[in-house]
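Numbering (UniProt numbering), first residue to last: 1 to 297. In this text, a Cβ means the ideal position worked out from N, Cα and C, and glycines have one as well. Please read the structure below before turning to the comments.
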């Protein structure tokens, strides 16, 4: 009898120890998806991520955001309350995720799971499937054991610590994203080869003093043309001087550094009228702009 009670107690301790593991995975998934959306990943990039494949192109970012909100809500519910509803919802979430990944692997073997945003763009493999199965089992254990929130966790014992670490190690072994992170840390592509969304550069431009000093000159808030040369993103706007002369206002945004340089040239019919510069070496050395770049009207 005592052995049975001890066994039940150990099982409950092991199950409770997986709570921080499950919550951590939910929070990391939320953060990774939000970062992917904020980085402005192109639609074709979103088409390689599990949840986004299920909806039309214009809804893909919203679908990814919806998944992030659901994960954050489940994590908050698991931490803040002992109500079993959040625990069974978590079971359902991971069980459905397992089914979706299985279907993606069968029908769309070229698509990633999207579990951690753009870091999970590699095709769904057995490891990704195994991870969702393990998370489903962990969630079932949490749903069946008594107690809730973080209340069982502060009572640390060697069983709790070993169980939590074991769960983390198992999840890590089943996460192909770790290899992707290591590869990105070991090999950082030069600025000229790094993908940077035009919307990101445009947001940097509009927050600069160079933009503010030329805003009244612009005829429209959206560029008439944009292009990239090496580590510079160019934006051309139609404008007019105080004297009424029609001009092109061409901005250049450096695509590297915490405070990248921003340059502007006001181009008239025959010559460059004015050149303004903001930023410089704070974000790292700025390579000169290509000399052969023409001005697009």
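Contact check for residue 136 and residue 81: beta-carbon distance about 21 Å, past the 8 Å limit, so the pair fails to qualify.
In the structure shown, the three-state DSSP call for residue 234 is strand. Looking at the backbone, the Cα of residue 242 and that of residue 217 are separated by about 8 Å. When the beta-carbon positions are compared, residue 202 and residue 262 stay at least 8 Å from each other.
Just so you know, the alpha carbons of residue 16 and residue 173 end up roughly 21 Å apart. Rounded to whole angstroms, the gap between the alpha carbons of residue 213 and residue 237 is 14 Å. Residue pairing by DSSP puts residue 227 in a beta bridge opposite 234. Fewer than three pairs of CB atoms, one per stretch, sit closer than 8 Å, so the segment 24–38 makes no contact with the segment 157–164. Ranked by how close their Cα comes to the Cα of residue 192, the residues 260, 232, 207 have 232 in first place. Taking a cut-off of 8 Å for Cβ pairs, the segment 104–113 and the segment 64–71 do not touch, as fewer than three such pairs fall below it.
For the set 259, 234, 265, the Cα lying nearest the Cα of residue 252 is the one of 234. Below 8 Å, enough C-beta pairs join the segment 91–106 and the segment 126–144 to call them touching: three or more. Distance from the CA of residue 74 to the CA of residue 115, rounded to the nearest whole angstrom, comes to 15 Å.
Restricting attention to 197, 230, 117, the CA atom closest to the CA of residue 34 is found in 117.
When 177, 185, 264, 56 are compared, the shortest CA-CA separation from residue 25 is found for 177. Per the DSSP secondary-structure output, residue 248 pairs in a beta bridge with 238, 267. DSSP lists no beta-bridge partner residue for residue 117. The beta carbons of residue 139 and residue 87 sit about 7 Å from each other, so the pair counts as a contact at 8 Å. In its chain, beyond the 5 residues on either side, 75, 78, 79 have a beta carbon closer than 7 Å to the beta carbon of residue 23. For the set 121, 120, 119, 126, the Cα lying nearest the Cα of residue 106 is the one of 126. Listed in chain order, the alpha helix (DSSP H) elements of length 4 or more contained wholly in the segment 97–144 are 126–144.
For residue 81, no alpha helix (DSSP H) segment is defined, and its DSSP state is neither H nor E.
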